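Novice: I'd like to ask you about the structure that follows.
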Amino acid sequence: MPVVVTKRCLDACVGVFGFGGREEAREWLEGVIAAEGVVTDRLPEEVVGRRSPSGYFLVAGRKFVLPLAEDRDGAGQWIATNCLGFPRKSTVDLTGLRGVDLLAEVTVLPHAVERFQQRGGGHRDPDRAHKELYAALAPTVRAVRKPPGWCRTRAADLYLVAGEHDEFCLPCRAGSGKRPYDVITCIHRAGYLFGKPLGAKVCEVAVEPDSKAARLVHRGLRKGGRLSWHRPAWVKVAKPAKWWLVFNNRTAAVVRWEPGSARPLVLTHVVDGRSLLVRLVDRVLGR
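Sequential numbering from 1372 applies to the sequence shown in the numbering used here.
Structure representation (structure tokens):
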């Protein structure tokens, strides 16, 4: 199918390759597309993590990648929505930078934002999640040549590390746009604990033994709770918390994180959000 090059794609091409204007960029792009362009849903390793509206891209050798959209009018053609250059080896050393000065030198790719949404508590809206990720990294972020000892990730050109206990690791590769590096993904040190039921195997209960709170949390742990970055909506009083462990019976526990421990989640406070009737029944039954 033919590929239609949009103005947005041309403007991106001008920015990436330094052409004098859209017409110069169009002439070069269309020539390379005709000679080398291949439509595929599998990206070369250097540009893995990019996104397109259709899931398909036009790849032209090691020159550029065009994310493709389907024609809304049903015509048998692809619409090129952007132009992404292949990474060029960066000579910029970011290891001496910190905070916002460092973040100004990297482009956070969509896949990194998605991983932050999944494991870092990011908002469902990608734009808001991008801003939240920036805010989470800015106070402590630094650049290193090797990942932290806890992080088992494939080789990258650079790594951003940030947060309590170096909890965030963001591998980077040489940039394909105007900034020296692209952030290709976002890894959290406790990422393996999110998205699945958690019980006593990874949780230490640090509330008064034999108390109502202890009984509640042990009962919840038998069925499993889910770790969350956000306070449950039914918890009315804000408690300082790293995370929350939320149980299905409208109880939740404030979590302190101790990553070096065999049981890294320490439950320090329990909130009972059950109805008055349920709590009364529990009291009558002596539970």
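Glycine included, C-beta positions come from ideal geometry on N, C-alpha and C.
Remember, predicted model here, so these are calculated numbers, not experimental data.
1. May I have a chain-ordered list of the beta strand (DSSP E) segments no shorter than 3 residues that lie completely inside the stretch 1615 to 1650?
2. Could you tell me the alpha carbon to alpha carbon distance between residue 1542 and residue 1527, rounded to whole angstroms?
3. Applying the 10 Å Cβ sphere with the 16-neighbour rule, what's the burial state of residue 1455?
4. Out of 1505, 1473 and 1453, which has the shortest C-alpha to C-alpha gap to residue 1378?
5. For residue 1467, does the count of other Cβ atoms within 10 angstroms reach 16, so buried, or fall short, so exposed?
6. Does the beta-carbon of residue 1605 have 16 or more other beta-carbons within 10 angstroms, so that it is buried, or is it exposed?
7. Do residue 1621 and residue 1573 have their beta-carbon atoms positioned less than 8 Å apart in this structure?
8. Which word fits residue 1411, buried or exposed, when buried means at least 16 other C-beta atoms lie within 10 angstroms of its C-beta?
9. Between residue 1382 and residue 1397, is the Cβ-Cβ spacing less than 8 Å?
10. Going straight from the alpha carbon of residue 1499 to that of residue 1505, what length do you get?
11. Which value, in whole angstroms, describes the spacing of the CA atoms of residue 1590 and residue 1571?
12. For residue 1601, which of helix, strand or coil comes out of DSSP?
13. Short of 6 Å in beta carbon distance, which residues of its chain neighbour residue 1448, apart from the five on each side in sequence? Order them along the chain.
14. Counting only runs that start and end within the stretch 1497 to 1563, where is the alpha helix (DSSP H) found for 4 or more residues in a row?
15. Spatial neighbours of residue 1483 within its chain, please: C-beta separation below 8 Å, excluding the five flanking residues on both sides.
16. Is the CB-CB distance between residue 1465 and residue 1508 below 8 Å?
17. On a Cα-Cα basis, can you pick out the residue from 1519, 1478 and 1391 that is closest to residue 1546?
18. What separation, rounded to the nearest whole angstrom, lies between the Cα atoms of residue 1463 and residue 1587?
19. Could you check whether residue 1564 and residue 1596 sit closer than 8 Å to each other, using their CB atoms as the reference points?
20. Just the C-alpha distance for residue 1481 and residue 1489, rounded to the nearest angstrom, thanks.
21. In the structure shown, what three-state DSSP assignment does residue 1608 receive?
Specialist: The relevant details are as follows:
1. 1622 to 1628 and 1636 to 1643
2. 6 Å
3. buried
4. 1453
5. exposed
6. exposed
7. no
8. exposed
9. no
10. 10 Å
11. 10 Å
12. coil
13. 1372, 1373, 1375 and 1442
14. 1497 to 1508
15. 1420, 1504, 1541, 1554, 1555, 1556 and 1557
16. no
17. 1478
18. 54 Å
19. no
20. 13 Å
21. coil
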